[in-house]
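In this note's numbering, the protein residues as written are -6 to 620.
As structure tokens, then:
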């Protein structure tokens, strides 16, 4: 199957590439990407909650989509059919059904399916989910099925009809269901396929758990016939408040619109253009308080048309570079950070990042480690986490899973990456906490890779000119004057604002820890660098103070001391985000004593036990914060 992609404009005001849409050529395919709405602020709209109890059915051979000769699935196999299987077989005793979703096992969503039953711990493939919901009276306006995240490919059916699909496990999508809903009981079915391929993003080989399933909230979202599909408020670097809006619907052109910040007495009015977009700027009032980690001030911003309104809590701040410095609100900053995976603390995480689970991790970072910054790796994290970072005052690095060995030659893979980037940026542009968009991590050099990544950088700049662009780059290690020299020579670096570098000298190399401070670093680019990762594994509770073997808490703690000492001598280093706050699941990591399927580079264990290195980093950051 091939997809046909088209380019369309996003918001006015210099933002060009909004989203890449597509039509599937086969209804049974899981590869269709045909969501047609951004639905910014979907959480805050009227609607019907769909999180909760769902029936599920495993389908490893994708029998619910295709017969074994390749034809479309027939009656008795299509799990999305709007049919009562038991009633049908009573009326037609000769009918053969090999599923019955109404009597299938049940689980609560959101949750990765590994938590549904022990036998699903290692399952990779297709899973069907189904439930019913009630619509009270006829739908006035429009209705969308909005899913905040399902890994990896998803097709949505309402009352037996396919209403949309999506590829990507970490960005939201919306499928319009207006004409398929009925008064009373409705059936919704999701086909979620987690199997990766060399063309997917991320690729099959990663260093984290796949977590197949519906891992973020989902709901029916109700809107007017013409609604505010995208809206964005920010502070420009020249001190103006900028507002952009895009309408979706038959009356999007020439509509009266306005944006307000009631607490500041700001109101800006105008009309949408032929494309349904509107953009305006006004000088920021002197009483505006800028957002920062020390003072995470948020203002209620209201976007309105004659029959629709959206409201956001928005912080206003500027972020830019000057030479080798990163400036927040015009002042140089040092990023005291830590990396996070989207995985809750506990023995059996299922990537259900509730507000309580997200806040627990962010509070440890801010209050106990003295962080002002988090790197949300290696994919867009849930909106819950980003909203909390806004509220409590943590700057954020947000990235898409362009990771390691993806297919740089594939036009379809590039299209998927561009759409993921657009979806990530559109969802979170109103979050002041995000200061860095990252377009990739540790991607091997080639001409095809360079072209691929340059396209993503250009897209990010068109979509958002108010933030900085980065990526975790590869480096070159040589010897000079008898000491190691690490040079940033990745050709992508020329296009970035901030250079991200992952360094594991002393862990993935045989360098003695005591030699790490003597390693020299060189960049001729005149740009700030962030150590986007560094770390060493340690099993909480394993001590070896005499031999200082790897995987001991003592080794990890000394690794941190020596790496931090090395960092102090790098004149263009402007931030740190060590790898990682918490031990996390990784099927790559299989040492039977120390790992057992967990990456142990966390400063705390999977259950929250603090290792010795936690205190080392906490004290380093405390001194820097007071510095």
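Idealized CB from N, CA, C, for every residue including glycine.
### Query
Given that a residue counts as buried once 16 or more other Cβ atoms are within 10 Å of its Cβ, and exposed if not, what is residue 163?
Counting from 1 along the chain shown, the entry for residue 163 is found at position 170. It is buried - the Cβ of residue 163 has at least 16 other Cβ atoms within 10 Å.
### Query
What's the call for residue 305, buried or exposed, on a 16-neighbour Cβ count within 10 Å?
Your numbering for residue 305 matches position 312 in the chain shown. Answer is buried; the Cβ neighbour count reaches 16.
### Message
Just to confirm my understanding: we take residue 329, look at its own chain, exclude 5 residues before and 5 after, and list those with CB closer than 7 Å. What are they?
### Response
Locating residue 329 in the chain shown gives position 336, counting from the first residue. Correct list, in chain order: 363, 364, 365, 366, 569, 614, 617, 618.
### Message
Quick check: the stretch 369 to 379 against the stretch 387 to 396, are at least 3 beta-carbon pairs closer than 8 Å?
### Response
With contact defined as three or more Cβ pairs closer than 8 Å, the stretch 387 to 396 and the stretch 369 to 379 are in contact.
### residue 252 - containing beta strand (DSSP E), residue span
Along the chain shown, one-based indexing puts residue 252 at 259. Start and end: 249 to 254.
### Message
Excluding the 5 residues flanking residue 77 on each side, which residues of the same chain have their C-beta closer than 8 Å to its C-beta?
### Response
In the chain shown, the residue the question calls residue 77 occupies position 84. For residue 77, the CB contacts under 8 Å within the same chain, skipping 5 residues up- and downstream, are 95 in chain order.
### Query
Could you give the residue range of the alpha helix (DSSP H) that holds residue 560?
Your numbering for residue 560 matches position 567 in the chain shown. In the DSSP annotation of this structure, the continuous segment of the alpha helix (DSSP H) that includes residue 560 starts and ends at 546 to 560.
### Query
What whole-angstrom Cβ distance do residue 257 and residue 248 have, given they're in contact under 8 Å?
Start at 1 with the first residue of the chain shown, and residue 257 comes out as number 264. Start at 1 with the first residue of the chain shown, and residue 248 comes out as number 255. Here residue 257 is actually not in contact with residue 248; their C-beta atoms are around 24 Å apart, not less than 8 Å.
### Message
Applying the 10 Å Cβ sphere with the 16-neighbour rule, what's the burial state of residue 602?
### Response
Here residue 602 corresponds to residue number 609 of the chain shown, with the count starting at 1. For residue 602, the number of other beta carbons within 10 angstroms of its own is below 16, and it is reported as exposed.
### Query
So, is residue 331 buried or exposed, given that buried needs 16 or more other C-beta atoms within 10 angstroms?
Counted from its first residue, the chain shown places residue 331 at position 338. Buried, because 16 or more other Cβ atoms sit within 10 Å of the Cβ of residue 331.
### Task
Could you tell me whether the stretch 315 to 324 touches the stretch 567 to 581, using the rule of 3 or more Cβ pairs below 8 Å?
Segments in contact, yes.
### Query
Hey, out of 314, 83, 411, whose CA is closest to residue 325's CA?
Start at 1 with the first residue of the chain shown, and residue 325 comes out as number 332. Of 314, 83, 411, the smallest CA-CA separation from residue 325 is found for 314.
#### Entry: Proximity of residue 494 and residue 449 at Cβ, strictly below 8 Å
Start at 1 with the first residue of the chain shown, and residue 494 comes out as number 501. Start at 1 with the first residue of the chain shown, and residue 449 comes out as number 456. Contact flag unset, no.
### Query
Which one or two residues does DSSP pair with residue 469 in a beta bridge?
What you label residue 469 is simply residue 476 of the chain shown in a count that begins at 1. DSSP, once it has assigned bridges, lists 480 as partnering residue 469.
### Message
Would residue 581 and residue 587 be called neighbours here (beta carbons separated by less than 8 Å)?
### Response
Counting from one through the chain shown, the residue named residue 581 turns up at place 588. Counting from one through the chain shown, the residue named residue 587 turns up at place 594. Not a contact, by the Cβ cut-off of 8 Å.
### Task
Could you work out which residue in 606, 51, 39, 610 is closest to residue 301 when comparing CA atoms only?
As a working mapping, residue 301 is identified with position 308 in the chain shown. Ranking the options by Cα distance to residue 301, first place goes to 39.
### Message
Using the three-state DSSP reduction, which class does residue 402 fall into: helix, strand or coil?
### Response
One-based indexing of the chain shown puts residue 402 at position 409. In this structure, residue 402 counts as coil in the three-state DSSP scheme.
### Task
Kindly indicate which three-state DSSP category residue 149 falls into: helix, strand or coil?
On the chain shown, position 156 is the one that residue 149 refers to. Looking at residue 149 - three-state DSSP - the assignment turns out to be strand.
### Query
Is DSSP giving residue 583 helix, strand or coil here?
To locate residue 583, count along the chain shown from 1; it is residue 590. It is coil, neither helix nor strand.
### Query
In whole angstroms, what separates the C-alpha of residue 608 from that of residue 355?
Numbered from its first residue, the chain shown carries residue 608 at position 615. Numbered from its first residue, the chain shown carries residue 355 at position 362. Distance between the alpha carbons of residue 608 and residue 355: 17 Å.
### Message
Here's the rule: buried if 16 or more other CB atoms are within 10 angstroms of the residue's CB, otherwise exposed. What is residue 173?
### Response
Numbered from 1 along the chain shown, position 180 holds the residue referred to as residue 173. Residue environment analysis places residue 173 among the buried positions, since at least 16 neighbouring C-beta atoms fall within 10 angstroms of its C-beta.
### Query
Sorted by chain position, which residues of the same chain lie with C-beta nearer than 6 Å to residue 122's C-beta, five sequence neighbours on each side aside?
The count along the chain shown starts at 1 and reaches residue 122 at position 129. Excluding residues within five positions, the ones whose Cβ falls inside 6 Å are 47, 49, 183.
### Task
Provide the residue span of the beta strand (DSSP E) that contains residue 368, from first to last.
In the chain shown, residue 368 corresponds to position 375, counting from 1. Segment 366 to 369, the beta strand (DSSP E) holding residue 368.
### Where residue 198 falls, given that 16 or more other Cβ within 10 Å makes a residue buried
Taking the first residue of the chain shown as 1, we reach residue 198 at position 205. Classified as exposed, residue 198 has fewer than 16 neighbouring CB atoms from the shown chains inside 10 Å of its CB.
### Task
Helix, strand or coil for residue 167, going by three-state DSSP, please let me know.
Along the chain shown, one-based indexing puts residue 167 at 174. Strand at residue 167.
### Message
Taking the alpha-carbon of residue 291 as reference, which of 188, 307, 280, 454 has the nearest alpha-carbon?
### Response
One-based indexing of the chain shown puts residue 291 at position 298. Nearest C-alpha to residue 291: 307.
### Message
On the CB-based measure, 16 or more other CB atoms within 10 Å of its CB, does residue 116 come out buried or exposed?
### Response
Your numbering for residue 116 matches position 123 in the chain shown. Under this definition residue 116 is a buried residue.
### Message
Which residues does DSSP list as the beta-bridge partners of residue 390?
### Response
By one-based count along the chain shown, residue 390 stands at place 397. Residue 390 is bridged to 368, 429.
### Query
From which residue to which residue does the alpha helix (DSSP H) around residue 385 run?
Here residue 385 refers to the residue found at position 392 of the chain shown. Taken as a continuous stretch (DSSP letters only), the alpha helix (DSSP H) holding residue 385 covers 376 to 385.
### Task
Please state whether DSSP places residue 684 in a helix, a strand or coil.
Only positions -6 to 620 of the chain appear in this structure, which leaves residue 684 out of reach.
### Query
If you run the structure through DSSP and keep just helix, strand and coil, what is residue 622?
Residue coverage of the chain in this structure runs from -6 to 620, which leaves residue 622 outside it and unanswerable.
### Query
Nearest CA to the CA of residue 490: which residue from 518, 476, 480?
Walking along the chain shown from the start, residue 490 turns up at place 497. It is 518 whose Cα lies nearest to the Cα of residue 490.
### Task
Return the CA-CA distance between residue 264 and residue 244, expressed in angstroms with no decimal places.
In the chain shown, residue 264 corresponds to position 271, counting from 1. In the chain shown, residue 244 corresponds to position 251, counting from 1. The straight-line gap from Cα to Cα measures roughly 12 Å.
### Query
Starting from residue 612 and walking both ways along the alpha helix (DSSP H), at which residues does that stretch end?
Taking the chain shown and counting its residues from 1, one reaches residue 612 at position 619. From DSSP, the alpha helix (DSSP H) with residue 612 extends over 605 to 619.
### Query
Exposed or buried, which one is residue 113 when buried takes at least 16 other CB atoms within 10 Å?
As a first step, residue 113 must be located in the chain shown, where it is residue number 120. Buried is the call here.
### Query
Taking the alpha-carbon positions, what's the residue 419 to residue 165 distance?
Position 426 of the chain shown holds residue 419. Position 172 of the chain shown holds residue 165. Roughly 10 Å separates the two Cα atoms.
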